[in-house]
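2 protein chains.
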Amino acid sequence: MILNVHPFEPFFNPESVAVIGASHTEGKIGNMVMKNIVESGYRGRIYPVNPKGGKIFGIPVLDDISKIPERVDLAIVVVPAKVAESIVDDVAAKAKYIVVITSGFSEVGNVEGEKKLLEAAKKHAARILGPNVFGIYSARAPINATFGPGGIRKGNIAVISQSGALGIAMIGRAAEENMGLSAVVSIGNKADINEVELLSYLFKDTMTKVVFLYIEGMENGREFLEVLKRRPKEKHIIVLKAGRSKAGARAVASHTGSLAGSDAIFDAAMRQAGVLRAEGLEDGLNWVTTVALSPLPKGRNVVIVTNGGGLGVVAADACEKYGLHLMDDMEVLKKTFRDVMPEFGSYKNPVDITGQAGGEEYRKALERAFKEPSIHAVLALYCDRGDKELNDIKDALMEVHKKYGNKPALYTLFGGEGASSIIKELRREGIPAFSEVEDAVSSLYALYKVREKKEEGEMDEVEMDEERIGKIIGEVAEEGRKKLLSHEAKEILLAAGVDVPKFHLAKTLEEAIKAASDIGYPVAMKIVSEDIVHKTDVGGVVLNVGSEEEVAEAYEAIMESCRRNAPKARIRGIEVMEMLPQGVETIVGSTTDASFGKVVMFGLGGIYVEVMKDVAFRIAPLPRKEIKRMIREIESYPLLAGVRGERRKDIDAIVDVIYRVGLLVDKFKEIEELDINPLMVYERGAKVADARMSIGVKK
Amino acid sequence: MILNVHPFEPFFNPESVAVIGASHTEGKIGNMVMKNIVESGYRGRIYPVNPKGGKIFGIPVLDDISKIPERVDLAIVVVPAKVAESIVDDVAAKAKYIVVITSGFSEVGNVEGEKKLLEAAKKHAARILGPNVFGIYSARAPINATFGPGGIRKGNIAVISQSGALGIAMIGRAAEENMGLSAVVSIGNKADINEVELLSYLFKDTMTKVVFLYIEGMENGREFLEVLKRRPKEKHIIVLKAGRSKAGARAVASHTGSLAGSDAIFDAAMRQAGVLRAEGLEDGLNWVTTVALSPLPKGRNVVIVTNGGGLGVVAADACEKYGLHLMDDMEVLKKTFRDVMPEFGSYKNPVDITGQAGGEEYRKALERAFKEPSIHAVLALYCDRGDKELNDIKDALMEVHKKYGNKPALYTLFGGEGASSIIKELRREGIPAFSEVEDAVSSLYALYKVREKKEEGEMDEVEMDEERIGKIIGEVAEEGRKKLLSHEAKEILLAAGVDVPKFHLAKTLEEAIKAASDIGYPVAMKIVSEDIVHKTDVGGVVLNVGSEEEVAEAYEAIMESCRRNAPKARIRGIEVMEMLPQGVETIVGSTTDASFGKVVMFGLGGIYVEVMKDVAFRIAPLPRKEIKRMIREIESYPLLAGVRGERRKDIDAIVDVIYRVGLLVDKFKEIEELDINPLMVYERGAKVADARMSIGVKK
């Protein structure tokens, strides 16, 4: 039951539906959709539209859209693209939600046609799903308004798929695997309705427990994150975003024309939102099925029960790979299984009830595992010894599983045809059963992962001189420059409250000498010019300048060298700055993602970033708690935490810098790119040694 | 046909077989084995033995072992452990090979009983498989002398399994997946016959193309490597060694009592031997099946053909993960598929022949892919749209696949029940077909990996002062010491031809001063004492000693400090040595593995080893070519190869050190542990900055 009626209620639970292009000819899409609607037991009003009139599946056909006697909740459009473009205005006047199954729009370059659909919908305050979709199924109505397979089993899994062919195949797979579905929506070109709105409904839908989202591109990462954050604790989502790889990303581009954001950023965003991302289709489907069927574990103790030591070891290896904890309290294991353990069995986890174990032994051992409160999840494995014993095993598993529904129990039957058919039977009864032990373990991992709803932490207030920051950015923009000069970037960071050592842009030698003596010796001196990127290469940098005479020498040397090596460069002056002692070099950066907007990055400087690619991303701004997780995520973290007798570095200082950078780029969206490289980190404090920044120049 | 008769010929192709403990009672192991032998169509002589006499499956039963009228090739023992122990001598007198199915020996602590079996076998020059096995199947005879399922399909896959239950289940799975088997051997406790001898036969067996080896422990790693090295190019092996994880290793210990060597070393050994190791059972079985069915790819260009863009992207992602190369030459792709491409299809790889594609489109597109010589492997994907089209697709795939057997082509049918049953049909026809696209991609990866037969490189001669090395080791052993003193370890390395900077053990101040002046200032000075491990902690080290006076000061300071901090330590003197300039710190080490013997290790020093665990292992000794691969394997390799404007370090010098260390520990097996830490590497040369060594002291 939906308490506050969601705007998408008529979409998922329509009282009336029109099929524009309903067909008399079997095999045609307009016929298949009609057939599915009728056969799915839809109880609302159905209006097939086709100029030929007549009846389809006994339902009178209207020969014109104008004849539809009401404004329907849902219209399904299956006519060819050209026709669809010409009638969409009429349809929009007669329907609240329009599902445009028709393809031949932006996915093949027909952007204009898609625009027409949208304009018509806007004019009549209608909404469009698609174009280029296979339709929608909703168990709530129930209605199967797709041209995919019929006979969908009602359940608690909702599927949103950006790929049509994959979505249709998934309906077939769902039937094969006995997955029950609450909804299936194909989102295709996403001209109007996208995954975010659908999710916001499905997270409120009482029939849906878990959503499987297959997407290739995502244009609205921020809204997506918002809806993910608002999801109720008992609703789960598993995301499969294809196009991770370079090759995959290329394929996406050719497939839907959607602009895929960087995969590392998508990954970071999902981690930040505490959302489980599947690497592939197999895992994704196994995970969704298991989350749909199983309660979540209440603790970390997993017990493996097996009749074959070998399969037990394989399972234990897989558990280790997925970071699952095998209960190792021998006292409890002995106490639990003592009087049900056959001779030569082993209490050690994997608990080996030996090759002699039949139905009775499994029944007893599993019963004990279910009853022992300190066991939180059970992996029961069976090595098929031939069909004779299999039925006993099946009966035992079914009986015990149904009796104790209190903790997750996943079953693997490894063997031949008999084992396969029993797996099917178990699945039909809603019991998570697998033919591969790795699939069972990976699915248990998913049960642990989906339960982790992220606690976010608070955003606290910090002071920033926003006026000053705005002024600097304004001046740079005024000049039409994209790149900020070193001292401008530093001034902004300073105004944002980041610790920037003293610096001064000197335009004359006298100014440089005065600046050096104000700052205190030794100082570093660097050329400042928007035309010089690699300052060292043109002799534009002198370090460790120790006295007034040396300032004078360095000043002349830099000027002379830059004039000779970069004669056309506009020279702004020479920056004089404090020399920093050596610390741990880190990088704090920010960039702008097409989908998620502002993101921040952290990593250790030098080879850690360049060779090991050891960096972490997050969507900005973000609370300090999450920043700490982000910092701990990098592999070289022990270097900051203190290792080999080195003292712990000031991680809170790094957190503060990232926190402020996150707020800065969020408030000043003009900042497109930002690099503090290095941020020198000490036992106390962290200081900006160098910084770059660029802004988006409005045209 | 086996040209030179292998000693295991009677084992795999017995002319006569006795079943000791053959039973009249259905369901008993002694009955199941008889049933399987008879039903497998075994054409040799069968002698069931049971005191009760009578007939089993029409074959006259002998009431005593002594009545067996010949020395049989194979005897299967199924009587209880106690009985087996008492009759084994009689059996050994009557059989060349004895398969002891009976359990209850070393796996449950009955080590004595197992010893009895072995002694009897030795006495009569018989060999024992097991105990604690499920028997053997050999397609050559054919004979199924197991108590597992019957009806095994003949083929080219041999399975060796250390786990009984898993092995039996695998026979069932093989039938279910239409895998044809050439042999199945259960090795159980490996009291006598182990995987190495079996492999040496199977690599010569013309029926066997690929061996699947499931093991948990390996005691004879060296022999295993030898047989792997000698395997013919056209024979393949896929190894699944369970017990990778700590939990898994514990389970192994409880299961078979076998001593598992370190997993990292096993992994390195497999890499060194060019052997494909599966991480889990699912991959392992998929890989074996595919290698059995498919030709190997002749080049790297993979083409994906799909009717669903989504599934194509998922496949492309998986290819990227496995490092497979998607052909990206658009000219060739266009040329190949131009006139068979439906409207709105995409030439980009994954080649999308659109959701409209039926059997005809698949036939044409695949035919083109098979014919184009620059395409080396094909992944054909089909998103199930409902059962109507499926049969057309199946016919097309079968027809094209059989017509062109020249390159690997793997099929994925993603969808419902119809798709599943077609996969079975395809498999029955020997066509590699999958329900999960990830399984298809991972199997293609296996085809690429198994073809990589390692070219080993030559072992060249290097000079070593073996006499000197032997003398030092001898003296240390004489003293009953395990740990060598710093100068002893260095002297051995020096004698092995490794670049050790000048050093001298000074016993007096005068000697120290002379040594320093001989070596040249500055020098380092370190206490030498077997009782002081952490020299720095007791004030036993002074660096950068620059003059005669400083030597005197340092000498006194060290002596004074060590006497105070470690009053009971035996002081051997003070080592005076050359100060090394800073280079890239690396570690070269060696240890002794229980299974593989001497191994060498390489990594970058400091945090790379300690925090990042970035090291590579190899079995020693090994040729320079393989050492280069070993060095390139570490993630921090770019630091040696030159990165960020740094110059390339002298990698050949590292190779030489590892090469010599490999030879050294191989020749002087007494050296149990060795650490050169750090080995300082420069643009030219690599020098030992410090070394530790320990030897096994004979008792």
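In order, the protein sequence lines correspond to chains S and E. Here my numbering is used: the first residue of the first sequence is 5, the next is one more, and so on. Here my numbering is used: the first residue of the second sequence is 5, the next is one more, and so on. For every residue, glycine included, the Cβ atom is placed at its ideal position computed from N, Cα and C. Since the structure is predicted, the reported quantities are computational estimates derived from the model, not experimental observations.
Original post:
Are the C-beta of E/Ala-2 and some C-beta of chain S separated by less than 7 Å?
Top reply: No answer is possible for residue 2 of chain E: it lies beyond the span of chain E, which begins at 5 and ends at 703.
**OP:** Could you tell me if S/Met-334 is buried or exposed, where buried requires 16 or more neighbouring beta carbons within 10 angstroms of its beta carbon?
**Re:** exposed
**OP:** Could you tell me which residues DSSP pairs with E/Met-605 in its beta bridges?
**Re:** E/Gly-593 and E/Phe-621
Subject >> Test: E/Glu-180 CB closer than 7 Å to a CB of chain S >> reply: With 7 Å as the cut-off, E/Glu-180 counts as an interface residue toward chain S.
**OP:** Excluding the 5 residues preceding and the 5 following E/Lys-127 in the sequence, name in chain order all residues of the same chain whose CB lies nearer than 6 Å to its CB.
**Re:** none
**OP:** Please specify which runs of the alpha helix (DSSP H), each continuous and at least 4 residues long, are wholly inside the stretch 429-465 of chain S, giving them in chain order.
**Re:** 441-454
Original post:
So is E/Arg-688 in contact with chain S if we call contact Cβ pairs under 7 Å?
Top reply: Answer no: the Cβ-Cβ gap between E/Arg-688 and chain S never drops below 7 Å.
Original post:
Mapping DSSP to helix, strand and coil, what is S/Val-256?
Top reply: Note that S/Val-256 scores 44 on pLDDT, short of 50, meaning its location in the model is unreliable; the coordinates nonetheless yield the value given after this. If DSSP states are grouped into helix, strand and coil, S/Val-256 belongs with the helices.
Original post:
How far does the beta strand (DSSP E) with S/Lys-100 in it reach, from first residue to last?
Top reply: 99-104
Original post:
By how many angstroms is the C-alpha of S/Ile-575 removed from the C-alpha of S/Val-480?
Top reply: One C-alpha to the other measures close to 16 Å.
Subject >> N-terminal and C-terminal residue of the alpha helix (DSSP H) that S/Gly-474 is part of >> reply: 470-482
**OP:** Go ahead and pull the three-state DSSP assignment for S/His-491.
**Re:** Residue state, collapsed to three classes: helix.
Original post:
Do the stretch 181-199 of chain S and the stretch 291-300 of chain S meet, that is, are 3 or more Cβ pairs less than 8 Å apart?
Top reply: When Cβ pairs closer than 8 Å are counted between the two stretches, the stretch 181-199 of chain S is seen to touch the stretch 291-300 of chain S, the count reaching three or more.
Subject >> Short Cβ contact (7 Å threshold) for E/Asn-290 with E/Cys-387 >> reply: no
Original post:
Closest by CA to E/Gly-524, which one among E/Met-38, E/Ile-562, E/Met-583 and E/Ala-556?
Top reply: With distances taken between Cα atoms, E/Gly-524 lies closest to E/Met-583.
**OP:** Check whether the Cβ of E/Phe-109 lies closer than 7 Å to any Cβ atom in chain S.
**Re:** no
**OP:** Determine the burial state of S/Leu-547: buried for a count of at least 16 other Cβ atoms within 10 Å of its Cβ, exposed for fewer.
**Re:** exposed
Original post:
Do E/Ile-161 and E/Val-9 have their CB atoms nearer than 7 Å?
Top reply: no
Subject >> Residues of the stretch 409-437 of chain E with Cβ closer than 7 Å to any Cβ of chain S, in chain order >> reply: Phe-418, Gly-419, Gly-420, Glu-421, Ala-423 and Ser-424
**OP:** With S/Ile-33 as the anchor, note down where its alpha helix (DSSP H) starts and where it stops.
**Re:** 33-43
Subject >> Between the CA atoms of S/Lys-539 and S/Val-527 - distance to the nearest angstrom >> reply: Each residue's alpha carbon lies about 17 Å from the other.
Subject >> Counterpart residues of E/Arg-567 in DSSP-defined beta bridges >> reply: DSSP, once it has assigned bridges, lists no residue as partnering E/Arg-567.
Subject >> Range covered by the alpha helix (DSSP H) that runs through S/Glu-201 >> reply: 199-206
Original post:
Contact between the stretch 271-281 of chain S and the stretch 122-138 of chain E: three or more CB pairs below 8 Å?
Top reply: no
**OP:** Report the neighbours of S/Glu-286 on chain E: residues whose CB is nearer than 9 Å to its CB, in chain order.
**Re:** Ser-439, Glu-440, Val-441, Glu-442 and Asp-443
Subject >> The alpha helix (DSSP H) enclosing E/His-538, as first and last residue numbers >> reply: Looking at the DSSP string, E/His-538 is not in any alpha helix (DSSP H), and its letter there is neither H nor E.
Subject >> Contact set for E/Met-634: own chain, Cβ-Cβ below 7 Å, skip 5 residues either direction >> reply: So the list reads Phe-606, Ala-620 and Arg-622, once near-sequence residues are dropped.
Original post:
DSSP beta-bridge partners for E/Thr-310?
Top reply: E/Asp-356 and E/Leu-385
Original post:
Helix, strand or coil: how does DSSP classify S/Glu-582 here?
Top reply: Assignment of S/Glu-582 by DSSP, reduced to helix, strand and coil, places it in the strand class.
**OP:** Give the C-beta separation of S/Ile-658 and S/Ala-624 to the nearest angstrom, bearing in mind that I take them to be a contact with Cβ-Cβ under 8 Å.
**Re:** S/Ile-658 to S/Ala-624, Cβ: 15 Å. No contact.
Original post:
How far does the beta strand (DSSP E) with S/Ala-528 in it reach, from first residue to last?
Top reply: 527-532
**OP:** State yes or no: is the C-beta of E/Leu-414 within less than 7 Å of the C-beta of E/Pro-436?
**Re:** yes
**OP:** Reducing DSSP to helix, strand and coil, say where E/Met-402 ends up.
**Re:** If DSSP states are grouped into helix, strand and coil, E/Met-402 belongs with the helices.
Subject >> Collapsed DSSP secondary structure at S/Gly-265 in the structure displayed >> reply: Note on S/Gly-265: pLDDT 44, under 50, position unreliable in the model; the coordinate value appears next. The DSSP-derived three-state label of S/Gly-265 is coil.
Original post:
Name the DSSP bridge partner or partners of S/Leu-509?
Top reply: S/Glu-579
Original post:
Could one say the Cβ of E/Phe-348 lies closer than 7 Å to chain S's Cβ atoms, at least one of them?
Top reply: yes
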